[in-house]
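These notes concern the structure reproduced below.
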Amino acid sequence: MLTVASDVEVLARFGRALADPIRCRILLALRDAPAYPADLADRLEISRTRLSNHLACLRDCGLVITVPDGRRTRYELADPRLGHALDDLRSAVVAVETDRTCPDAETKDCC
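Note that the working numbering gives residue 117 to position 82 of the sequence shown, counting from 1, and the numbers run on in steps of one.
Structure, rendered in structure tokens:
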């Protein structure tokens with residue numbers, strides 16, 4: 036049964052997805068166009084196994100969907116608005132002052 040996630044749950048899932056650079060690269064690649072796993076693995080220069088694990092995470096977060104295409108499965112963003120959201124986040128973060136860092140960056144490996 037489908038349920039509506041709270042705003043906090045949605046943002047937490049999005050944050051978890053963006054917490055890994057490989058998942059970010061996958062989302063950015065899918066923002067450009069849907070893709071098959073083998074093509075994504077080649078494009079991102081990672082193993083298919085590693086890609087599969089990250090795609091599973093992105094599916095669980097509700098950010099990507101699978102589309103059957105004959106014997107193959109294509110991946111795409113779950114909603115076209117996610118591409119716009121990624122662009123907005125990227126431009127917002129680029130606009131942040133470069134001399135500011137998270138106070139916990141060295142101890143918590145965050146920023």
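Beta carbons are placed, not taken as given, at the ideal position from N, Cα and C, and that holds for glycine.
- With a cutoff of 9 Å on beta-carbon distance, residue 90 and residue 113 are scored as not near each other.
- Residue state for residue 115 is assigned as helix, using DSSP reduced to three classes.
- In terms of Cβ geometry, residue 72 and residue 53 do not form a close pair [threshold 9 Å].
- Within the same chain, and ignoring the five residues on either side of residue 83 in sequence, the residues whose Cβ sits closer than 6 Å to its Cβ are 76.
- Counting only residues of its own chain and dropping the five nearest sequence neighbours on each side, residue 101 has a CB closer than 8 Å to the CB of 94, 108, 109, 110.
- Taking 8 Å as the upper bound for CB-CB distance, residue 46 and residue 121 are not in contact here, some 14 Å apart.
- CA-CA distance, residue 40 to residue 49, rounds to 12 Å.
- Where residue 103 is concerned, the enclosing beta strand (DSSP E) starts and stops at 99-104.
- When the beta-carbon positions are compared, residue 105 and residue 66 stay at least 9 Å from each other.
- Across the structure, residue 58 and residue 123 are spaced so that their CA atoms are roughly 17 Å apart.
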